[in-house]
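To start, the structure itself, in structure tokens.
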Amino acid sequence: AQKITQTQPGMFVQEKEAVTLDCTYDTSDPSYGLFWYKQPSSGEMIFLIYQGSYDQQNATEGRYSLNFQKARKSANLVISASQLGDSAMYFCAMRESLQGAQKLVFGQGTRLTINP
Amino acid sequence: DTEVTQTPKHLVMGMTNKKSLKCEQHMGHRAMYWYKQKAKKPPELMFVYSYEKLSINESVPSRFSPECPNSSLLNLHLHALQPEDSALYLCASSQARGFGTDTQYFGPGTRLTVL
């Protein structure tokens, strides 16, 4: 069975600093996809970034980048130049493909607080 | 446009009430999902519809009844709920390719309180 582990329940970072949120995964499937979502206190899950298992380069989306280390089964999210609006819950997730649809397996999440 | 809409935003209901949650997307996605999220926990998958057919039911109690009238709409009918069913209910949609950059996009959720 697929499993996602986020070992940091909470992180506190000063504004404008870079922050790394850890995510490790376990799967026996050679083809998989990894996602990061942000959930502010309002509740909506906001898609941030995607990394495929066969992607040769680390994914980047604006201030977000993914440090993908396949051999170590880690997919850490890096946020550069953090902003107050980055304060939220962050979830790492792995896709399990079933019958054309997909099931996301989520980690427990990391609550990020950006201090001014 | 990656918008998924959900109504209502908040819902308070008694244990004997019948209510429905609604979800809509206009991205041409063919897979739609219902998740339940308790406070400080990750979302838990409840149901998946693929091409308007129920493809996954994660052993959800029968007091939750999903419906997919067409490819853009997803309903969750609620009946005889328990206080422990109080949670944030999230709807999501995806292209239903099941591989590559097929991404689930979520709505803002409905906060349900069962009294």
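As they're listed, the protein sequences go chains X and U. The numbers in the first sequence follow the working numbering, run straight up by one, and end at 116. The numbers in the second sequence follow the working numbering, run straight up by one, and end at 115. Note that beta-carbon positions come from the ideal geometry of N, C-alpha and C, so glycine has one too. Since the model is a prediction, treat every value here as computed from it, not as a measurement.
Cβ-Cβ distance between residue i and residue j below 8 Å
| i | j | result |
| --- | --- | --- |
| residue 26/X | residue 6/X | no |
| residue 90/X | residue 109/X | yes |
| residue 115/U | residue 14/U | yes |
| residue 75/X | residue 51/X | yes |
| residue 6/U | residue 68/U | no |
| residue 173/U | residue 112/U | No information on residue 173/U is available, as it lies outside the stretch 1 to 115 that chain U covers here. |
For residue i, the residue or residues it bridges with in DSSP
| i | result |
| --- | --- |
| residue 26/X | 3/X |
| residue 64/X | 61/X and 79/X |
| residue 33/X | 52/X |
Beta carbon proximity, residue i to chain X, threshold 8 Å
| i | result |
| --- | --- |
| residue 116/U | No answer is possible for residue 116/U: it lies beyond the span of chain U, which begins at 1 and ends at 115. |
| residue 72/U | no |
| residue 94/U | yes |
| residue 42/U | yes |
Alpha-carbon to alpha-carbon, residue j and residue i
| i | j | result |
| --- | --- | --- |
| residue 48/X | residue 106/U | 12 Å |
| residue 35/X | residue 45/X | 12 Å |
| residue 52/U | residue 8/U | 22 Å |
| residue 43/U | residue 103/X | 11 Å |
| residue 39/U | residue 88/U | 8 Å |
| residue 83/X | residue 113/X | 10 Å |
| residue 71/X | residue 24/X | 11 Å |
| residue 124/X | residue 76/U | The structure shown does not extend to residue 124/X, since chain X spans only 1 to 116, so no value can be given for it. |
| residue 10/U | residue 110/U | 5 Å |
| residue 32/U | residue 66/U | 11 Å |
| residue 30/U | residue 11/X | 37 Å |
Residue-chain proximity (residue i, chain U), Cβ-Cβ < 8 Å
| i | result |
| --- | --- |
| residue 68/X | no |
| residue 43/X | yes |
| At a Cβ cut of 7 Å, what residues of the segment 101-115 of chain X count as close to chain U, listed as they run along the chain? | 101, 102, 103, 104, 106, 107, 108 and 109
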